[in-house]
Amino acid sequence: MISMEMENSAAKLLFLRYALPSTVGRVGELGSCSGDVITASKADPALVDQVSHGVLPDIDLRSNFRVASAWCELIAKEMRRDSIDKDVIRAYFWLIHNAVIDRRANLGEKFDHAACRVRFGNIVGVDGEKKTATVETPDGELTCSTSFLRDASKGDRVATHFDYVTERVSPELERRMSSLSGELAGLYRKLDYSPKIGNKRMKMGV
Amino acid sequence: MCQIAVGKVLSASNGKVRVKYKGNVCELNSKLVDLKEGDYALFSSGIAIEKMDKEEAEQLGT
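Those sequence lines, one after another, are chains A and B. Residues 455 to 660 in the working numbering are what the first sequence lists, from first letter to last. Residues 4 to 65 in the working numbering are what the second sequence lists, from first letter to last.
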């Protein structure tokens with residue numbers, strides 16, 4: 455049973471920036487990573503708008519994002535955290551979530567594997583009118599909404615999920631996550647995962 | 004978002020459980036969650052990630 459809380463509003467908003475793009479309409483309904491081959495997010499625009507303005511929607515994250523919440527709690531315990539903080543949330547979406555997505559693809563499940571993964575890239579152009587950015591990733595150029603990063607600029611390194619830029623990724627943040635991923639070694643061992651962070655496969659020593 | 008899958012544990016041993024899910028029996032990795040026969044669990048991509056009580060499992064649709 456899930457018992458751990460998210461650390462604060464900032465952590466909840468970060469969680470939503472990653473989680474909302476994979477929902478279809480109202481949260482809690484069938485998600486885009488649930489077997490439907492959907493290549494573009496159909497997240498509720500009202501919720502996206504709230505989150506993009508830093509307003510926490512009046513929805514229960516635990517019941518609406520049950521799987522992600524359960525994973526975050528497992529990760530928080532593995533990392534010996536008292537609550538689900540931003541490190542835990544990124545560890546889930548950047549590492550474990552991607553590993554689970556890869557696992558499903560390897561099992562032969564049909565879904566948009568690339569879009570479901572959190573991908574990293576550099577912004578090569580911004581369309582202020584459409585509120586989109588062109589993001590160059592190893593999978594090619596993506597057109598992503600900048601709703602969650604309203605000051606997105608050419609040259610920014612960013613994380614994306616489906617067709618949304620989720621956040622700016624500084625070299626310091628990437629280094630921090632690389633170092634923190636060692637705290638997940640026990641979890642990986644149990645899952646037999648070989649994690650990737652950013653676009654580089656990491657050496658975990660496990 | 005990942006689809007919710009909840010099942011009842013039929014047997015457990017060596018970090019694996021056999022779970023009844025939608026009329027089928029699946030073998031899952033249970034190294035992350037301590038499960039025994041009769042428990043209910045939420046699983047994701049073949050991995051048990053949360054133990055839950057019967058009432059909650061039924062609400063989520065075992």
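All residues carry an ideal CB built from backbone N, CA and C; glycine is no exception. Predicted model, so just to flag it, every value in this text is computed and none were measured.
Check	Outcome
Measure the alpha-carbon distance for Arg480/A versus Asp498/A and round it to whole angstroms.	With a pLDDT of only 44 at Arg480/A, under the threshold of 50, the placement of this residue in the model should not be trusted; the figure read from the coordinates follows. Cα to Cα, Arg480/A sits roughly 6 Å from Asp498/A.
Indicate whether at least one CB of chain B lies closer than 8 Å to the CB of Leu468/A.	no
Quick check on the burial criterion: 16 or more other C-beta atoms within 10 angstroms. Buried or exposed for Gly489/A?	Note that Gly489/A scores 42 on pLDDT, short of 50, meaning its location in the model is unreliable and no value can be drawn from it.
Show which residues of chain B have a CB atom less than 8 Å away from the CB atom of Trp548/A.	None at all; the shortest Cβ gap to chain B is about 16 Å.
Write down every uninterrupted run of the beta strand (DSSP E) in the region 574-607 of chain A whose length is 3 residues or greater and which is fully enclosed by it, in chain order.	586-591, 594-599
How many Å lie between Ile7/B and Cys526/A at the Cα?	15 Å
Does the beta carbon of Ser16/B come closer than 8 Å to any beta carbon on chain A?	no
Let me make sure I understand the geometry here. Which of Gln62/B, Asp37/B, Leu31/B has the alpha-carbon closest to that of Ser48/B?	Leu31/B
Check whether the Cβ atoms of Leu38/B and Ala51/B lie closer than 8 Å to each other.	yes
Between the Cα of Leu510/A and those of Ala464/A, Ala530/A, Thr614/A, Ala569/A, spot the shortest distance and give me the residue it belongs to.	Ala464/A
For Thr614/A and Leu596/A, which I take to be in contact (beta-carbon distance under 8 Å), what is that distance rounded to the nearest angstrom?	6 Å
Does the region 566-575 of chain A come within contact of the region 18-26 of chain B, defined as at least 3 CB pairs closer than 8 Å?	no
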